[in-house]
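For reference, the structure discussed in these notes is given below.
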Amino acid sequence: ARKGKTPEEVVKRYLQKVRNPPEEDCTICMEALAGPSGYKGPGVGGISRAESVGRLAQCGHQYHLQCLVAMYNNGNKDGSLQCPTCKTIYGVKTGNQPPGKMEYHVIPHSLPGHPDCKTIRIIYNIPPGIQGPEHPNPGKPFTARGFPRHCYLPDSEKGRKVLRLLLVAWDRRLIFSVGTSSTTGESDTVIWNEVHHKTEFGSNLTGHGYPDPGHLDNVLEELKAQGITEEECLS
Ligand code: NAD
Ligand code: ZN
Ligand code: ZN
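Take the position in the sequence shown, starting the count at 1, then add 47; the result is the number in our numbering.
This is how it looks when you write it as structure tokens:
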């Protein structure tokens, strides 16, 4: 979205300048805020002084400017920044989900724990491919196991709200990621990102099934941590 801006310009958009840094450490590099950034890697040479400190405008957390720029460069450089301390998101966070399809429809059966409504079935399909620059090993293939993956939500008011927000999460490439599966240990494969899905319909053998009274509220919290809320999507 913010193409043409340098990483330093993107980061500075969200910062207020701090003239007298407090006697605290920068939690990115663990060095004193009053001294220079401890970051030694590439990408920050030639930009602002190592002593520059900024305060994130909304949450107030302070870091060396060079540390924030280094953190931004390590991510997918989408114009957004997330405070590493409190997770406040500046701009619109996007992920690195590979290309694929998200579909859904209503099926005329009830989920355990939701006897009064039908069920929304979401079908995700992502084929294997080659990793892009935003992935852990650019140019290397990635696998995609267990697709199509079927997921279930109650077709209730709250379930439909979760669906609407999941559609936004899909567009922002936040439902899946490429990495190492904690279930199978396989690397360079498509994995669930930080938003939990229920993949069992009538049973709960894996723990990813119903009933689970807290599920929809948990998912709403997880979506919020990715910057996705109904308020924000309506505006
Ligand atoms: P992962 O194992 O790295 O886990 C990431 C997150 O997804 C965790 O929060 C975990 O709790 C959740 N998760 C794990 N298994 C889940 C499931 N069955 N349903 C819903 N959420 C689940 O991520 P991953 O490798 O994408 O997930 C593993 C699941 O993916 C497997 O259980 C299976 O459903 C599917 N899979 C299938 C094959 C296959 O060959 N059929 C291979 C790999 C993965
Ligand atoms: Zn620092
Ligand atoms: Zn913060």
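Each residue gets a CB set at the ideal place from its N, CA and C atoms; glycine is no exception.
Query	Result
Could you tell me how far apart the beta carbons of P195 and Y171 are, in whole angstroms, since I believe they sit closer than 8 Å?	6 Å
For G186 and H161, what's the separation of their Cα atoms in angstroms?	45 Å
Looking only at C-alpha atoms, which of T132, L80, A104, L158 sits nearest to Q113?	L80
How about S228: is its Cβ closer than 7 Å to a heavy atom in ligand 1?	yes
Taking the alpha-carbon positions, what's the E241 to V65 distance?	33 Å
Counting only the same chain and skipping the five closest in sequence on each side, list residues whose C-beta sits under 7 Å from that of G179.	P185
Bridge partners of Y86, per DSSP?	Y86 is not bridged to any residue.
Below 8 Å on the Cβ atoms is my guess for L212 versus I275; work out the distance and round it to an integer in Å.	5 Å
Y199 to H244, Cα distance in whole Å?	8 Å
Just checking H111 against ligand 2 - is the residue's beta carbon closer than 7 Å to any of the ligand's heavy atoms?	yes
Just to confirm the assignment: which complete beta strand (DSSP E) runs, minimum length 3, are found wholly within the segment 229 to 282?	236 to 239
If you draw a straight line from the C-alpha of E204 to the C-alpha of D163, how long is it?	12 Å
Quick one: measure Cβ to Cβ for G142 and R220, integer angstroms, because I've assumed they're closer than 8 Å.	4 Å
Taking the alpha helix (DSSP H) that V215 falls in, what are its first and last residues?	204 to 218
For G176, list the residues DSSP reports as bridge partners.	F189
What's the gap between the Cα of R49 and the Cα of V139?	Below a pLDDT of 50, predicted positions are generally treated as unreliable, and R49, at 44, falls in that range; the measurement from the model is reported next regardless. About 11 Å.
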